[in-house]
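Report on the following structure.
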Amino acid sequence: MRQFEESMYQLIVETSTNLPGDVRRAVLRGKAAEDAATRAGLALATITQNIEMAEQEVSPICQDTGMPTFIVHTPVGANQIEMKKAIRAAVVRATKDGKLRPNSVDSLTGANSGDNLGPGTPVIHFEQWEKDAVEVRLILKGGGCENKNIQYSLPTELEGLGKAGRDLDGIRKCIMHAVYQAQGQGCSAGFIGVGIGGDRTTGYELAKQQLFRNVDDVNPNEDLRKLEEYVLDNANKLGIGTMGFGGEVTLLGCKIGAMNRLPASFFVSVAYNCWAFRRQGVLIQPDSGEITDWLYESGHEVGMNPETEKELAATDAAGTASNGREIVLQTPISEEQIRSLKVGDVVIIRGEMHTGRDALHKYLMDHDAPIDLNGAVIYHCGPVMLKDEDGWHVKAAGPTTSIREEPYQGDILKKFGIRAVIGKGGMGPKTLQALQEHGAVYLNAIGGAAQYYAKCIRKVNGVDFMEFGIPEAMWHMEVDGFAAIVTMDSHGNSLHADVNKDSAAKLEMFKEPVFL
32 MRQFEESMYQ
42 LIVETSTNLP
52 GDVRRAVLRG
62 KAAEDAATRA
72 GLALATITQN
82 IEMAEQEVSP
92 ICQDTGMPTF
102 IVHTPVGANQ
112 IEMKKAIRAA
122 VVRATKDGKL
132 RPNSVDSLTG
142 ANSGDNLGPG
152 TPVIHFEQWE
162 KDAVEVRLIL
172 KGGGCENKNI
182 QYSLPTELEG
192 LGKAGRDLDG
202 IRKCIMHAVY
212 QAQGQGCSAG
222 FIGVGIGGDR
232 TTGYELAKQQ
242 LFRNVDDVNP
252 NEDLRKLEEY
262 VLDNANKLGI
272 GTMGFGGEVT
282 LLGCKIGAMN
292 RLPASFFVSV
302 AYNCWAFRRQ
312 GVLIQPDSGE
322 ITDWLYESGH
332 EVGMNPETEK
342 ELAATDAAGT
352 ASNGREIVLQ
362 TPISEEQIRS
372 LKVGDVVIIR
382 GEMHTGRDAL
392 HKYLMDHDAP
402 IDLNGAVIYH
412 CGPVMLKDED
422 GWHVKAAGPT
432 TSIREEPYQG
442 DILKKFGIRA
452 VIGKGGMGPK
462 TLQALQEHGA
472 VYLNAIGGAA
482 QYYAKCIRKV
492 NGVDFMEFGI
502 PEAMWHMEVD
512 GFAAIVTMDS
522 HGNSLHADVN
532 KDSAAKLEMF
542 KEPVFL
C-alpha cells in the first residue's frame, strides 16, 4: 500500500499540472481557428502559454483543482479499504505540497478542512472487473465549470429552441441549449459530456463518464457519432467564443453516452468541463502497487511547435486586442481614470490588489473592511498558497467565476469606494448599474490561467480572515504587469450582455428539426 499511495500521489500531480496530449491538441486546434488579433485570440494565446508554464513549474494549471474524483477498477479480492486509505493519504500529501488547493468545505458551517478530506471528499468509486491489473482514473473538475452542468427532463420548452421532445432531435436541442447557457462562465472553450437516460443521479454520472473518453475517439453508436459531430460543428456557430468574449471557438469536444431509463422519465444530463480538462489514469501492478502504464498520452509529447513559440514571444498576453487600448493603472485608482475606460480596453495593473470571494463579500455587507479599500482593486480569486520560513508564496492564482457575487458586488463597490473588480465570466445588471453610478469597471481575466497570473504577483503583503480557509481568505498582493480586459465599463456597456444577446439570436437558427 505504501507504493500504491506513491502511485496515487504521482497520478494527482500529473493530473493537476500537465494536460494530456489529446486535450492539448484540441486547444491548439482551437487557437489555430481563432483570429489572433481578437480578444478570444488573446485569451487562447494566454491559455497556451499557461499550459506550458504549469508543466515547467510542476504547479496547478488552474488554482481551482476541483473535487478530486477517482474511478477505480480492481481485480476480485483486492483490498478496497486499504486502497481508499492510500488514496486519501495521497490527497492530503498533494494538498500540503500545493498540487491541490484545499477545497473541502463543511456545507453547514463553511469551515474548510484544510486537507481536502471530509464527508464525501474526495469522491472514490470502486468497481470490480475480471482483469488482473488495477486501473485508476482521476478527474479534477473545478467549481466554475461544475456550476454550469445542467439536466433536462423531456419534454420541455427551451429558450430560443422551442419544444424539445423525447427523441434524438429533442436531445440535440438540449445539448445546444447547454452550451448556450454556459456562456463564458465555465471557462470556454470547453468540453461537454452528455448522458442520455438513467435517473437524475446516474444520468449525471454517465455524463461525467463521457469526459474520460479520448477527445479524438469515435462513438461506436452511429446516431450518437453524428450527434457529437453536429454539436461540435454548430456550437461554434453561436459566437460565444473563448471566455465568452465572442469568437469562432466555443466548444472543443463533445462526447455522448446513453443508458436505459424508466418509461416516465427522460433525462438529458450535461457535464460541462473548462479548457483546463484535467483527467488522467494509470494501470497499477496489484502486487507491487507500481504504475505500469499511463492511460492518456502525456502532455510532454505535445509541446508547442516553433511557429507557436515565436507567436507567443511576439504576442504578450498584455497586448492590445480588437483595437482596444492598453492602459496602465497604478493602485489606488481614481474615479477619473476609471471613467476614461471603455469596453475592450486592456489594462495593466500595478500596485496592491486584494482577493475576495463568497465568504468575504457576505462578511463585508455587514462589517467594516480590515483595510482601506478606497480606489482599490478586488480580485475574485481563491489562490493556491504555500508557506515557508520566508512567508507566503502564490503557487496558482487565476480568476473565479464572478456571477456568484452578483447579490453583493454593487453594494460593496459603493460602500468601500472600490474602483475595479477582476474575475471571469462577467456580472449582471445590478453590478453594471453600480459601476455606472459609482464609477468602477469590471475586468475579465483569463479563466484557468493560474500560472500566468501567479507570475504577475511579486509579493504577498498580508492576509486577513484565514478562518475562512485559504481560498476564501482576503489576500493582499503586490502585482506588476497584471493584464485584464475591460468587459463592463462605467458607461453602462457590457460585453457579456452583448455576447449573450447575440448568441441567443443565433441559437434560434437551430430551432427547426434536424435529421442527422
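Counting from 32, one number per residue, gives the positions in the sequence shown under this note's numbering. Glycine included, every Cβ here is placed at the ideal spot set by N, Cα and C. As the structure is a computational prediction, the values presented were derived from the model and not from experiment.
For residue i and residue j, what's the separation of their Cα atoms in angstroms?
i: Q482; j: L50; result: 14 Å
i: H469; j: G234; result: 46 Å
i: G429; j: L326; result: 28 Å
i: Q80; j: L73; result: 11 Å
i: E342; j: F499; result: Annotation note: pLDDT 46 at E342 (below 50); position unreliable, coordinate value reported separately. Using only the alpha carbons, I get a separation of about 42 Å.
i: Q87; j: D397; result: 43 Å
i: G312; j: V154; result: 15 Å
i: D264; j: L189; result: 20 Å
i: V225; j: W423; result: 41 Å
i: A125; j: I43; result: 7 Å
i: T46; j: L169; result: 7 Å
i: T339; j: E37; result: Any reading at T339 needs caution, since the residue's pLDDT is 47, under 50, leaving its predicted position unreliable; the model's value is listed next. Cα to Cα, T339 sits roughly 35 Å from E37.
i: R119; j: A307; result: 23 Å
i: K204; j: S329; result: 35 Å
i: L255; j: D248; result: 12 Å
i: V408; j: T152; result: 33 Å
i: T346; j: D137; result: In this prediction, T346 has a pLDDT of 43, which is less than 50 and means its spatial position is unreliable; nothing more can be read from the coordinates.
i: R310; j: I223; result: 13 Å
i: I78; j: A71; result: 10 Å
i: E217; j: A476; result: Per the sequence shown, residue 217 should be read as Gly rather than Glu. Each residue's alpha carbon lies about 13 Å from the other.
i: S433; j: L404; result: 19 Å
i: N92; j: A85; result: A quick correction: the sequence has Ile, not Asn, at residue 92. When rounded, the distance between both Cα atoms is 5 Å.
i: A302; j: K172; result: 10 Å
i: D95; j: M114; result: 25 Å
i: P133; j: F496; result: 15 Å
In terms of alpha-carbon separation, which member of the options lies closest to residue i?
i: F297; options: K268, K426, D248, R231; result: R231
i: H411; options: M396, T431, G224; result: T431
i: M505; options: F513, A514, I516, G493; result: G493
i: A213; options: A390, G108, F546, A266; result: A266
i: A471; options: A220, A451, V359, L75; result: A451
i: L59; options: A295, E503, E83; result: E83
i: Q440; options: D421, A480, A476, D389; result: D389
i: L75; options: I453, S319, G478; result: G478
i: M508; options: G457, V425, Y473; result: V425
i: D419; options: D324, I315, D399, G129; result: G129
i: G221; options: Y40, N524, R55, S521; result: R55
i: F447; options: S135, G457, D421, D399; result: D399
i: K116; options: S90, F35, T187; result: F35
i: G277; options: F546, L526, L547, V545; result: L526
i: M458; options: L391, T187, M519; result: M519
Spell out whether any CB of chain D is found under 9 Å from the CB atom of residue i.
i: D511; result: Any reference to chain D falls outside this structure, which holds one protein chain only.
For the beta strand (DSSP E) containing residue i, list its first residue and its last residue.
i: C285; result: 282-289
i: D128; result: It is not in any beta strand (DSSP E) - D128 carries neither H nor E in the DSSP assignment.
i: K486; result: Run containing K486: none; DSSP gives neither H nor E here.
i: M384; result: 377-386
i: E166; result: 165-172
i: G221; result: 221-227
i: H527; result: No beta strand (DSSP E) contains H527, which is instead part of the alpha helix (DSSP H) from 526-538.
i: R370; result: Element bounds for R370: not the beta strand (DSSP E) but the alpha helix (DSSP H), 366-370.
i: F35; result: Where F35 is concerned, there is no enclosing beta strand (DSSP E), although the alpha helix (DSSP H) it sits in stretches over 33-48.
Please list the terminal residues of the continuous alpha helix (DSSP H) segment that includes residue i.
i: H208; result: 199-213
i: T323; result: Run containing T323: none in the alpha helix (DSSP H); it sits in the beta strand (DSSP E), 322-325.
i: D511; result: Where D511 is concerned, there is no enclosing alpha helix (DSSP H), although the beta strand (DSSP E) it sits in stretches over 505-519.
i: H331; result: Looking at the DSSP string, H331 is not in any alpha helix (DSSP H), and its letter there is neither H nor E.
(request) Spell out a yes or no on whether the segment 280-297 and the segment 229-243 are touching, meaning 3 or more CB-CB pairs, one atom from each, closer than 8 Å. (result) yes
(message) Using 8 Å as the cut-off, can you tell me whether the segment 521-538 makes contact with the segment 271-282, which would need three or more C-beta pairs spanning the two stretches below that distance?
(response) yes
(request) Tell me, please, whether the segment 485-494 touches the segment 96-106 by the rule of three or more beta-carbon pairs shorter than 8 Å. (result) no
(message) Check whether the segment 370-386 and the segment 91-101 are in contact - that is, three or more C-beta pairs closer than 8 Å.
(response) no
(message) Using a Cβ distance threshold of 8 Å, determine whether the segment 408-425 contacts the segment 536-544, with at least three qualifying pairs required.
(response) no
(request) Say whether the segment 142-158 touches the segment 190-207, bearing in mind that this needs 3 or more beta-carbon pairs closer than 8 Å, one atom from each stretch. (result) no
(request) Answer yes if the segment 208-227 comes into contact with the segment 172-183, meaning at least three C-beta pairs across the two stretches below 8 Å, and no otherwise. (result) yes
(request) Decide yes or no for the touch test of the segment 453-462 against the segment 355-368: beta carbon pairs closer than 8 Å, at least 3 of them. (result) no
(message) What ranges does the alpha helix (DSSP H) occupy inside the segment 66-123, keeping only unbroken runs of at least 4 residues that lie completely in it?
(response) 70-88
(request) Could I get the ranges of all uninterrupted beta strand (DSSP E) runs contained in the segment 410-435, with 3 residues as the minimum, in chain order? (result) 415-419, 422-427
(request) Note down, one range per segment and in chain order, each alpha helix (DSSP H) of at least 4 residues found wholly within the segment 386-410. (result) 389-395
(request) Could you tell me which uninterrupted alpha helix (DSSP H) segments, each at least 4 residues in length, are contained entirely in the segment 126-158, listed from first to last along the chain? (result) none
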